[in-house]
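Per my numbering, residue 480 is the first one in the sequence shown, and the count goes up by one each step. Ideal placement from N, C-alpha and C gives every residue a C-beta, glycine not left out. The next block holds one structure in the form of structure tokens; read it before the comments.
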Amino acid sequence: MDPDRIVVLAGGVGGAKFVRGLRALGRRDPAGSPAITVVVNTGDDLWLAGLRVTPDLDSLMYALAGVNDDERGWGRAGESERVSAELTAYGVGWPWFTLGDLDLGTHIARSALLREGLPLSAAVDRLTARWPLDVRLLPATDDEVETYVVTAEGELHFEEWWVRTRAALPALAFRQHGVETATAAPGVREAILAADAVLLAPSNPVVSIGTILGIPGIREALRDTGAPVVGLSPVIGGAVVRGMADACLTAIGVATDAAAVARHYGARTEGGLLDGWLVDEADAAAVDGLAATGIPARAVPLWMTDDDATAEMAAAALRLAGR
Ligand code: GDP
Ligand code: CA
480 MDPDRIVVLA
490 GGVGGAKFVR
500 GLRALGRRDP
510 AGSPAITVVV
520 NTGDDLWLAG
530 LRVTPDLDSL
540 MYALAGVNDD
550 ERGWGRAGES
560 ERVSAELTAY
570 GVGWPWFTLG
580 DLDLGTHIAR
590 SALLREGLPL
600 SAAVDRLTAR
610 WPLDVRLLPA
620 TDDEVETYVV
630 TAEGELHFEE
640 WWVRTRAALP
650 ALAFRQHGVE
660 TATAAPGVRE
670 AILAADAVLL
680 APSNPVVSIG
690 TILGIPGIRE
700 ALRDTGAPVV
710 GLSPVIGGAV
720 VRGMADACLT
730 AIGVATDAAA
740 VARHYGARTE
750 GGLLDGWLVD
760 EADAAAVDGL
770 AATGIPARAV
780 PLWMTDDDAT
790 AEMAAAALRL
800 AGR
């Protein structure tokens with residue numbers, strides 16, 4: 480079976496790189512619509528300076544639209560920061576969380592749509608309509624469920640912990656404020672249930688994928704779907720490649736190790752999530768052990784150096800799903 484309806488669970492920058500590679504495979508669904516639906520982490524979202532900011536959705540939108548800042552790794556290319564400087568002069572917002580002027584345009588537009596009463600998913604539809612993404616972006620939830628980090632200095636919003644403290648303040652636990660009453664956004668469960676393949680992007684397993692899985696109904700949909708669920712390791716050779724995700728893994732007692740992350744997600748046959756797992760060639764020694772725990776695994780290059788290399792990774796994930 481050729482998987483043509485592909486659902487990806489993803490965080491921001493790692494998720495965006497992966498989805499660009501997957502999109503490069505040029506798959507269409509049977510109706511000719513975009514084959515790829517991305518369920519995006521919304522746990523990093525926050526209200527700042529009166530605006531709703533959705534970092535992971537924007538990382539995906541900008542990267543898929545080709546207007547992201549590749550060098551800096553986040554935000555828009557060709558950005559200026561005049562408005563942020565004014566906000567700082569007024570003592571509004573977070574001085575260490577600089578939002579570029581073009582990026583602020585997105586946040587103003589989104590906040591205007593939300594204030595008109597649109598749910599986030601409808602606001603995302605409106606914003607993404609501007610760009611020819613050829614990918615459907617769905618926030619995991621329309622509800623405001625925000626990740627907080629429990630530290631010795633109290634609870635901090637995830638973005639404050641990540642950006643201000645550079646994840647240096649040890650995390651004791653992660654809390655999803657508001658999760659109890661949240662539901663999956665319209666279309667999320669439906670997309671997972673109707674999928675031919677579900678891929679877990681090589682995103683942060685704790686605060687990107689873990690946060691999506693915490694939204695009531697999503698984990699159940701992943702258990703109930705007939706589609707194989709295949710993940711790609713965000714850890715290569717015992718390191719998280721880019722960023723500070725090891726601090727998140729440590730906090731939940733998972734080793735920074737490709738096989739440990741797979742065991743954390745668990746084998747579908749044992750009540751977990753995974754029907755398959757890709758590790759980098761550097762971790763090929765883990766493949767047999769994973770198979771013995773019920774997780775069929777393959778070792779392929781997992782460095783997302785460019786869209787072609789990433790497309791190869793995505794193709795390998797789809798092969799494992801379609802096996
Ligand atoms: P964020 O929301 O911007 O933090 O992005 P994600 O959660 O989507 O992805 C972040 C994770 O991507 C990092 O913690 C890395 O482990 C992973 N990552 C980044 N670059 C690569 C890469 O080239 N290959 C692999 N396998 N993982 C990567
Ligand atoms: Ca993120």
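At the level of alpha carbons, what is the spacing between L501 and Y569?
Numbered from 1 along the sequence shown, position 22 holds the residue referred to as residue 501. Numbered from 1 along the sequence shown, position 90 holds the residue referred to as residue 569. Those two C-alpha atoms are separated by around 43 Å.
Return the chain-ordered list of same chain residues with a C-beta closer than 6 Å to the C-beta of R643, the five sequence neighbours on each side being excluded.
Residue 643 sits at position 164 when you count from the first residue of the sequence shown. Correct list, in chain order: W575.
Cβ atoms of G522 and E639: under 8 Å apart, would you say?
In the sequence shown, the residue the question calls residue 639 occupies position 160. In the sequence shown, the residue the question calls residue 522 occupies position 43. No. Outside cutoff.
Quick one: is the Cβ of P598 within less than 7 Å of any heavy atom of ligand 2?
For the purposes of this step, residue 598 is identified with residue 119 of the sequence shown, where counting begins at 1. Checking the Cβ of P598 against ligand 2 gives no.
Please tell me whether, using a cut-off of 7 Å, the distance from the CB of M540 to the nearest non-hydrogen atom of ligand 1 is below it.
The count along the sequence shown starts at 1 and reaches residue 540 at position 61. No; taking the cut-off as 7 Å, the Cβ of M540 has no heavy atom of ligand 1 nearer than that.
Going by C-alpha distance, which of L769, G545 and D736 is nearest R747?
Here residue 747 refers to the residue found at position 268 when the sequence shown is read from its first residue. Among L769, G545 and D736, the Cα nearest to that of R747 is on L769.
Residues around ligand 2, please: the condition is that the C-beta lies closer than 5 Å to some non-hydrogen atom of it.
Answer in sequence order: G490, G491, D523 and D535.
Mapping the DSSP letters down to three states, classify T690 as helix, strand or coil.
Taking the sequence shown and counting its residues from 1, one reaches residue 690 at position 211. Three-state DSSP puts T690 in a helix.
If you drop the 5 nearest sequence neighbours on each side, which residues of the same chain put their C-beta closer than 7 Å to that of V779?
As a first step, residue 779 is located in the sequence shown; it is residue number 300 there, counting from the start. Result list for V779: L757, E760, M792 and A795, in chain order.
My assumption, with CB atoms under 8 Å, is that A676 sits in contact with A528. Please give the rounded CB distance.
Stepping through the sequence shown from its first residue, residue 676 is reached at position 197. Stepping through the sequence shown from its first residue, residue 528 is reached at position 49. About 40 Å separates the two Cβ atoms, so there is no contact after all.
Check the DSSP bridge columns for G710 and list the partner residues they point to.
Position 231 of the sequence shown, counted from the start, is the residue given in the question as residue 710. The partner list for G710 (beta bridge, DSSP) reads L679 and W756.
Using 8 Å for Cβ pairs, my map puts R499 next to A542. What's the rounded Cβ distance?
Locating residue 499 in the sequence shown gives position 20, counting from the first residue. Locating residue 542 in the sequence shown gives position 63, counting from the first residue. Indeed they touch by this definition, with Cβ atoms about 6 Å apart.
Following a CB-centred definition, is I697 positioned closer than 7 Å to any heavy atom of ligand 1?
The count along the sequence shown starts at 1 and reaches residue 697 at position 218. No - ligand 1 has no heavy atom lying nearer than 7 Å to the Cβ of I697.
Just to confirm before moving on: does the CB-CB distance between T735 and G717 stay below 8 Å?
Taking the first residue of the sequence shown as 1, we reach residue 735 at position 256. Taking the first residue of the sequence shown as 1, we reach residue 717 at position 238. Yes; because the gap between Cβ atoms is below 8 Å, this pair is in contact.
Mind checking G584: buried by the 16 CB within 10 Å criterion, or exposed?
Sequence index remark: in the sequence shown, residue 584 carries index 105 (1-based). Exposed, by the Cβ-count rule.
Got a sec? Which residues, its chain only, sit under 7 Å from T607 by beta carbon, not counting five neighbours each side?
As a working note, residue 607 is residue 128 in the sequence shown. Excluding sequence neighbours, T607 sits near M540 and L616.
Taking R561 as part of the alpha helix (DSSP H), name the residues at either end of that continuous run.
The sequence position of residue 561 within the sequence shown is 82, counting from 1. Segment R561 to Y569, the alpha helix (DSSP H) holding R561.
Which word fits V628, buried or exposed, when buried means at least 16 other C-beta atoms lie within 10 angstroms of its C-beta?
Taking the first residue of the sequence shown as 1, we reach residue 628 at position 149. Label assigned to V628: buried.
Could you tell me which of L753, G490, R742 and H743 sits nearest to D537, measuring between CA atoms?
The count along the sequence shown starts at 1 and reaches residue 537 at position 58. Nearest of L753, G490, R742 and H743 to D537, Cα basis: G490.
Is any heavy atom of ligand 1 found at a distance shorter than 7 Å from the C-beta of W782?
Position 303 of the sequence shown, counted from the first residue, corresponds to residue 782. Yes, since a heavy atom of ligand 1 falls inside the 7 Å radius drawn around the Cβ of W782.
Excluding the 5 residues preceding and the 5 following P482 in the sequence, name in chain order all residues of the same chain whose CB lies nearer than 7 Å to its CB.
For the purposes of this step, residue 482 is identified with residue 3 of the sequence shown, where counting begins at 1. Hits under 7 Å: D675, A676, L797, A800 and G801.
Is the CB-CB distance between D582 and G552 below 8 Å?
For the purposes of this step, residue 582 is taken as the residue at position 103 of the sequence shown. For the purposes of this step, residue 552 is taken as the residue at position 73 of the sequence shown. No.
So is the beta-carbon of A724 under 7 Å away from any non-hydrogen atom of ligand 1?
Numbered from 1 along the sequence shown, position 245 holds the residue referred to as residue 724. Within the cutoff, so yes.
Going by the DSSP bridge assignment, what does E669 pair with across the sheet?
The sequence position of residue 669 within the sequence shown is 190, counting from 1. DSSP lists no partner for E669.
May I ask whether a heavy atom of ligand 1 can be found less than 7 Å away from the beta carbon of G494?
Taking the first residue of the sequence shown as position 1, residue 494 is located at position 15. Result yes, Cβ under 7 Å from ligand 1.
Would the C-beta of I694 count as close to ligand 1, meaning under 7 Å from any of its heavy atoms?
Stepping through the sequence shown from its first residue, residue 694 is reached at position 215. No, the beta carbon of I694 sits no closer than 7 Å to any heavy atom of ligand 1.
Please identify the residue among V714, S712, V667 and A706 whose C-alpha is closest to the C-alpha of D692.
Within the sequence shown, the letter at position 213 stands for residue 692. Going by the sequence as given, residue 692 is Leu instead of Asp. Comparing Cα-Cα distances from L692 to each of V714, S712, V667 and A706, the minimum goes to V667.
Using a C-beta cutoff of 8 Å, does D736 count as contacting chain D?
Here chain D cannot be found, since the structure has a single protein chain.
Select from L525, R484 and V562 the residue whose C-alpha is nearest the C-alpha of D508.
As a working note, residue 508 is residue 29 in the sequence shown. The shortest C-alpha separation from D508 is found at R484.
Comparing C-alpha positions only, which one of L566, V708, T784 and V714 sits nearest to L753?
In the sequence shown, the residue the question calls residue 753 occupies position 274. The shortest C-alpha separation from L753 is found at V708.
Per DSSP, what are the beta-bridge partners of H656 in this structure?
Here residue 656 is taken as the residue at index 177 of the sequence shown, counted from 1. H656 pairs with E625.
What are the start and end residues of each continuous beta strand (DSSP E) run of 3 or more residues lying completely inside the region 514-549, in chain order?
Runs of the beta strand (DSSP E) inside the region 514-549: 515-519, 525-527 and 530-532.
In three-state DSSP terms, what is V733?
To locate residue 733, count along the sequence shown from 1; it is residue 254. Three-state result, V733: coil.
P574 bridges to which residues according to DSSP?
Numbered from 1 along the sequence shown, position 95 holds the residue referred to as residue 574. DSSP output for P574 lists no bridge partner at all.
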